[in-house]
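Numbering (the working numbering), first residue to last: 176 to 964.
Written below as structure tokens is the structure these notes are about.
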């Protein structure tokens, strides 16, 4: 991309803001080198990566980049055999550790949200934990080689500490000696050139034999190593040299480890730099409230509410620009300081940012097309040293543009034809525009020439646009109005500022009819535009109200749906509770009947059966006032004595033996007689024979027909004895009520516990006549055959 265009569009300021969002020096260096790309696939991939980073930033926050250092130079030196210092090795190990943490973060996010491009980048950070552990095992957090790095180093340092302690002990004994203290400047032991010394006064130099290693600035103090510790200090010196050699050996070993994986480490640093760079782009998008534009190769430039990113958001005025076939050129006119140049720079800079993989400050659904080059002639570049006038500098720049421009280029021209005679300048500007239009490039140009307004109006494929100006306040609004040429507003501004009216009217007489008609046409267009905008604002307000009402209706529907769901859920729960209560009560009544039958050992009286039946009816669950309340009232059945009927509430068949009244009848169900309402009866078969009297039979049980399929056998295999006895008791009751003569109880062979226990129970049961084990073909000893009374 042309360096001059990058400077004109102030692209460097964008990269500066981008660098401020990078967390590492690697990312900052990558952001500083950012340039627009003219390859469509590369730009698409860059924008997609930025989009993934933006999603992670919005959903999970920024990744952990702490601890990452730029160790590229150290790694390259290790690869060629240079030994690394401890702090360099520590930085490399810390970077490897932080890289693993960064990779783990990216993969964790990928489990919830798809970010394949960032995952691919993070996979470039290799897991070299063995090398990392080797460095951390030898070097501490202060970049010092630890004693445990090797047995030899540990031994040498132990000897050094012992030797130092002995030397200090000797010198401290001397310091505590009163005769020596008077010769010392201070009663301390000091260190000079790695040797322990005493601060001796100058006048006592001859009294303290030893080696002078230093003296104070004033010369009053000499730092003397007494003869008594010279040999010990020499020994310490040898030990320290041994320590240094051992440390160098350890550092060389660790450097060799780094050299073995140098290429992998360098590749990982590049991946980390790219990740940091991607998240820096996401941070910049967050700061500028930028969005990802749609990228196309169809020559469509559509910017919605585009803002210049370098102008504070509180003062910038968004603009709408749309350029696509057949209109690929825009001529922008209007007063000075109206925002024409800012419009050109906004289009140019946002195009460069998009081609660099950056989000741009526009609304959703904005589109940017790919350009093979962006060319601009903006600003006054006259030079006294080069003897270039304003016109000459513009022409020099335009000549370069005309030589390089193609049909896939974007050309931005500010004040085209300015700096020379208006007539010649406008003619030259039209010729340049005509040439660029013939090339087919996308073009935006600003001008003050009215001839260019007429040219754009008449020329197919070129449109007029203007920057709005408020004559009342004498201030520009910075709004771009596409389709309407701008007015100079010179007379209106002069009159507003106080110029005499007669002078303004006299000036108007010098304007030609053509120019007057153009101004009148422009004024009419602006008036129509204001009317259209007012109608559009009204329509927008109505649409806003309709959308609010629709949203309120939607909320009401949601609330009603929630209330309905709550009511249904409560009704369902109430139903479950009622059924559970009814089941518990029914089981209690059945248990009561069974217990009564076993206690009395005699025939159960009819009034007890009726009372039990009443309790069963009362145990019937009732929901929402009863199911019957929700059904239409039944018609009373017309019954006669002797009719076969079905009792609806009991789902049992019976015979009418007496008609008590028009609304009640006495019905016999098996051995049970019940007085029932005729609305609860359904006639199955009528008879003309009146049955005066039904024989009453004494019985020991109530017949309860559950269904037409009566069980004749009970399988208890796998049950324990206690539960089996309960099941046998219930089974025998059902068999007796169903008038069965014999039944089979299958208990299996097993250990015989079930067989013996059930036999003992049957022996005491009052309704069991006889019982025996099954014969051959009946199941043998695994079955008990019961004959009922």
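We put the beta carbon where it would ideally sit given N, CA and C, even for glycine.
- [ ] Evaluate residue 801 with the Cβ neighbour count: other Cβ atoms within 10 Å of its Cβ, from every protein chain shown; 16 or more gives buried, anything less gives exposed.
- [x] With a pLDDT of 42 at residue 801, under the threshold of 50, the predicted position of this residue should be treated as unreliable, and no value is reported.
Open item on the list: So, does the segment 179 to 196 touch the segment 451 to 465, judging by three or more C-beta pairs under 8 Å?
Closed with: Here the segment 179 to 196 lies against the segment 451 to 465, with 3 or more beta-carbon pairs under 8 Å apart.
Task: Residues of its chain near residue 906, where Cβ-Cβ distance is below 6 Å and the 5 sequence neighbours each way are ignored - done: Take residue 906, set aside five residues on each side of it, and the residues of its chain with a beta-carbon closer than 6 Å to its own are 889, in chain order.
Task: Rounded straight-line distance, which links the Cα of residue 341 to that of residue 324 - done: About 26 Å.
TODO: List the whole-angstrom C-beta distance separating residue 519 from residue 589, where the pair is believed to meet the contact cut-off of C-beta under 8 Å.
DONE: That belief holds up - the Cβ atoms of residue 519 and residue 589 are roughly 6 Å apart, short of 8 Å.
Task: Span separating the alpha-carbon of residue 500 from that of residue 636 - done: Approximately 8 Å, taken between the alpha carbons.
- [ ] Grab me the residues of residue 368's own chain with a C-beta within less than 8 Å of its C-beta, minus the 5 sequence neighbours each way, in chain order.
- [x] Result list for residue 368: 388 and 389, in chain order.
Task: Helix, strand or coil at residue 568 [DSSP, three-state] - done: Under the three-state reduction of DSSP output, residue 568 falls in the helix class.
TODO: Check the Cβ-Cβ distances between residue 485 and every residue of chain D, and say whether any is below 9 Å.
DONE: Absent from the structure: chain D. Only one protein chain is present.
TODO: Using the Cα positions of residue 225 and residue 674, report the straight-line distance between them to the nearest angstrom.
DONE: Cα to Cα, residue 225 sits roughly 56 Å from residue 674.
Task: Candidates 380, 850, 366 and 547, of which the one nearest residue 214 by Cα - done: Residue 547 holds the alpha-carbon nearest to the alpha-carbon of residue 214 among 380, 850, 366 and 547.
Open item on the list: Between the alpha carbons of residue 894 and residue 887, how many angstroms are there, rounded?
Closed with: Straight-line spacing of the CA atoms in residue 894 and residue 887 works out to 19 Å.
Open item on the list: At 3 residues or longer, what runs of the beta strand (DSSP E) sit wholly inside the segment 462 to 528?
Closed with: Restricted to the segment 462 to 528, the beta strand (DSSP E) segments that are unbroken, complete and at least 3 residues in length are 469 to 471, 476 to 481, 494 to 498 and 504 to 508, listed in chain order.
Open item on the list: Based on DSSP bridge pairs, tell me the residues matched to residue 946.
Closed with: Partner(s): 961.
- [ ] Give me the Cα-Cα distance between residue 332 and residue 412, rounded to the nearest whole angstrom.
- [x] Going by the C-alpha atoms only, they are around 12 Å apart.
Task: Beta carbon of residue 419 nearer than 9 Å to that of residue 259 - done: With contacts defined as CB atoms closer than 9 Å, residue 419 and residue 259 fail to qualify as a contacting pair.
Task: Bounding residues of the alpha helix (DSSP H) (the contiguous stretch that carries residue 351) - done: Segment 326 to 351, the alpha helix (DSSP H) holding residue 351.
TODO: Spell out the partners DSSP gives residue 584 in its beta bridges.
DONE: When beta bridges are read from the DSSP output, residue 584 appears opposite 548.
Open item on the list: From the DSSP secondary-structure annotation, give me the bridge partner or partners of residue 595.
Closed with: Partner(s): none; residue 595 has no beta bridge.
TODO: Can you tell me which of 385, 200 and 962 puts its alpha carbon nearest to the alpha carbon of residue 397?
DONE: Nearest C-alpha to residue 397: 385.
TODO: Answer yes or no: do residue 328 and residue 449 have a C-beta to C-beta separation smaller than 9 Å?
DONE: The beta carbons of residue 328 and residue 449 sit no closer together than 9 Å.
Task: Where residue 363 falls: helix, strand or coil (DSSP) - done: DSSP places residue 363 in coil when its eight states are reduced to three.
TODO: Return helix, strand or coil for residue 219, following the three-state DSSP convention.
DONE: When DSSP states are grouped into helix, strand and coil, residue 219 belongs to the helix group.
Task: Sheet register partners of residue 374 (DSSP bridge) - done: Answer is 398.
Open item on the list: Going by the DSSP bridge assignment, what does residue 543 pair with across the sheet?
Closed with: Per DSSP, 470.
TODO: With distances taken Cα to Cα, identify the nearest neighbour of residue 283 among 599, 597, 312 and 235.
DONE: Closest option to residue 283, judged by alpha-carbon separation, among 599, 597, 312 and 235: 235.
TODO: Can you grab the Cα-Cα spacing for the pair residue 472 / residue 299, in whole Å?
DONE: Those two C-alpha atoms are separated by around 32 Å.
Task: Cβ shell of residue 252 (< 8 Å), same chain only, five flanking positions each side left out - done: Its chain contains 259 as the residues whose beta carbon lies nearer than 8 Å to that of residue 252, once the 5 sequence neighbours on both sides are disregarded; these appear in chain order.
- [ ] Determine contact between the segment 463 to 477 and the segment 623 to 640, defined as no fewer than three beta-carbon pairs at a distance below 8 Å.
- [x] Between the segment 463 to 477 and the segment 623 to 640 there are fewer than three C-beta pairs closer than 8 Å, too few to call the two in contact.
- [ ] Out of 497, 843 and 935, point me to the one whose CA is closest to residue 657's CA.
- [x] It is 497 whose Cα lies nearest to the Cα of residue 657.
Open item on the list: Can you tell me where the beta strand (DSSP E) holding residue 839 begins and where it ends?
Closed with: Unbroken beta strand (DSSP E) run through residue 839: 839 to 844.
Open item on the list: I need the straight-line Cα distance from residue 581 to residue 618, nearest angstrom please.
Closed with: For residue 581 and residue 618, the distance between alpha carbons rounds to 11 Å.
Task: Every unbroken alpha helix (DSSP H) within the segment 179 to 246, with a cutoff of 4 residues, ordered by chain - done: Runs of the alpha helix (DSSP H) lying entirely within the segment 179 to 246, each at least 4 residues long, are 186 to 195, 200 to 207 and 215 to 235 in chain order.
Task: Nearest candidate by alpha-carbon position, reference residue 453, set 721, 958 and 223 - done: Nearest option by C-alpha distance: 223.
Open item on the list: Tell me which residues share the same chain as residue 249 and place their Cβ nearer than 6 Å to its Cβ, disregarding the 5 neighbours each side in the sequence.
Closed with: The answer, listed in chain order, is 259 and 263.
Open item on the list: Below 8 Å, how does it come out for the segment 530 to 541 and the segment 481 to 495: are there three or more Cβ pairs, yes or no?
Closed with: When Cβ pairs closer than 8 Å are counted between the two stretches, the segment 530 to 541 is seen to touch the segment 481 to 495, the count reaching three or more.
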